[in-house]
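Numbering (my numbering), first residue to last: 2 to 342.
Okay, structure coming up:
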């Protein structure tokens, strides 16, 4: 804090007394816009980012859990270019709009879906497309649904307010690698995709992708349980030993059990690269420290070629822990049973 903010923070008669986020334009988080790896000076970074997005440019925008790659979702050329550069032929992109009124312009929003859209955790909610909407058909080709979320950081609100029907907000990563949260790493790795970078100077310590869900028969079904919902535990009716479960290869997560709680990690992605394996190891270390868990048993997939299975064997060799290998489909059934009590 600067001296002025510090005085406010320590003055019991000030309304900002012991307000931990207390900051001002001098000492608070700073936003910057980079092009060609150089910081642009004497501009409003957010206003400049809006101008570039309206021109069809692709931006790497730092969010809460990592970077998004963003472009105007109504611009066919921009969406097609993002698909080509990200090597993502048909997989749907997630969208972000400023408010429910904007979302209602291109999707049908039922009461239950609205409740989840405005939920404080701000998941991506899968909604039925409206016919003849302004969103590019390339956002989710051959799909009746669009994945949509509302803003969840002040930066998002400032970027979207009165400027766009919707922005594509897809994970800022290279194919088969985890979402990027570090400024320098983003500038280096996303440079061939993004035309500009909208950054701030606070560090992200735990990268976390957006959560995704759909309302089916009145109930919310998570397709991806991540930002906003982890590490909130699944609570069981019985106690377990302290176990580390390493998950499979595709759409991977890890989990720890302690007493009658199962703590899940964020979504880690497909476990096909060294980078994702390192992300898995970092997530394990974070959960162990957070919940003070020292597993007695390592559970992993039966498939010997999975990186998670090989890592379990590595732990066994180093620490002598018991490894239990579980058949893949049995694990799916057991996890569904646990999730539904």
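Backbone N, C-alpha and C fix where the C-beta goes; we use that ideal spot for every residue, glycine too.
Residue i versus residue j - alpha carbon distance
i, j, result
"residue 284", "residue 264", "11 Å"
"residue 179", "residue 268", "9 Å"
"residue 311", "residue 321", "14 Å"
"residue 339", "residue 36", "48 Å"
"residue 216", "residue 258", "28 Å"
"residue 4", "residue 11", "11 Å"
"residue 25", "residue 6", "7 Å"
"residue 186", "residue 218", "42 Å"
"residue 50", "residue 86", "20 Å"
"residue 58", "residue 195", "8 Å"
"residue 84", "residue 77", "11 Å"
"residue 232", "residue 82", "35 Å"
"residue 266", "residue 207", "10 Å"
"residue 315", "residue 247", "12 Å"
"residue 1", "residue 175", "In the structure displayed, the chain extends from 2 to 342; residue 1 sits before or after that span and is not available."
"residue 193", "residue 63", "17 Å"
"residue 163", "residue 48", "12 Å"
"residue 120", "residue 319", "44 Å"
"residue 110", "residue 14", "46 Å"
"residue 304", "residue 249", "9 Å"
"residue 270", "residue 79", "25 Å"
"residue 69", "residue 61", "6 Å"
"residue 55", "residue 71", "11 Å"
"residue 260", "residue 112", "37 Å"
"residue 53", "residue 342", "49 Å"
Contact set for residue i: own chain, Cβ-Cβ below 7 Å, skip 5 residues either direction
i, result
"residue 205", "66, 67 and 182"
"residue 152", "97, 99, 158 and 161"
"residue 343", "Nothing about residue 343 can be reported from this structure: the residues present for the chain run from 2 to 342 only."
"residue 298", "242, 244, 322, 323 and 325"
"residue 88", "176"
"residue 129", "108, 109, 145 and 146"
"residue 262", "234 and 236"
Cβ neighbours of residue i in the same chain (closer than 8 Å, five flanking residues each side left out)
i, result
"residue 166", "74, 75, 98, 103, 106, 107, 135 and 136"
"residue 337", "none"
"residue 143", "91"
"residue 95", "125, 148, 149, 150, 169, 170, 171, 211 and 213"
"residue 2", "10, 23, 24 and 28"
"residue 30", "24, 201, 202 and 203"
For residue i: DSSP bridge partner residues
i, result
"residue 73", "168"
"residue 109", "129"
"residue 223", "214"
"residue 62", "69 and 199"
"residue 260", "241"
"residue 265", "256"
"residue 323", "298"
"residue 290", "Answer is none; residue 290 lacks a bridge partner."
"residue 39", "36"
"residue 270", "253"
Beta-carbon contacts of residue i that lie in its chain and below 6 Å, excluding the five residues immediately before and after
i, result
"residue 40", "33"
"residue 127", "146, 148 and 215"
"residue 200", "33, 63 and 184"
Exposure label - residue i; buried when at least 16 CB within 10 Å
i, result
"residue 302", "buried"
"residue 223", "exposed"
"residue 114", "buried"
"residue 93", "buried"
"residue 239", "exposed"
"residue 291", "exposed"
"residue 184", "buried"
"residue 323", "exposed"
"residue 169", "buried"
"residue 251", "exposed"
"residue 46", "buried"
"residue 228", "buried"
"residue 307", "buried"
"residue 293", "exposed"
"residue 313", "buried"
"residue 296", "buried"
"residue 20", "exposed"
"residue 335", "exposed"
"residue 38", "exposed"
"residue 275", "exposed"
"residue 132", "exposed"
"residue 282", "exposed"
Limits of the beta strand (DSSP E) - the one that residue i falls within
i, result
"residue 239", "235-246"
"residue 95", "95-97"
"residue 36", "32-36"
Element boundaries [alpha helix (DSSP H), containing residue i]
i, result
"residue 297", "Neither: residue 297 is in no alpha helix (DSSP H) and is coded neither H nor E."
"residue 149", "Not the alpha helix (DSSP H): residue 149 falls in the beta strand (DSSP E), residues 146-150."
"residue 309", "308-320"
"residue 190", "184-190"
"residue 344", "Residue 344 lies beyond the stretch modelled for the chain, which goes from 2 to 342, so this question has no answer here."
"residue 10", "4-11"
"residue 335", "329-340"
"residue 103", "101-104"
"residue 161", "155-161"
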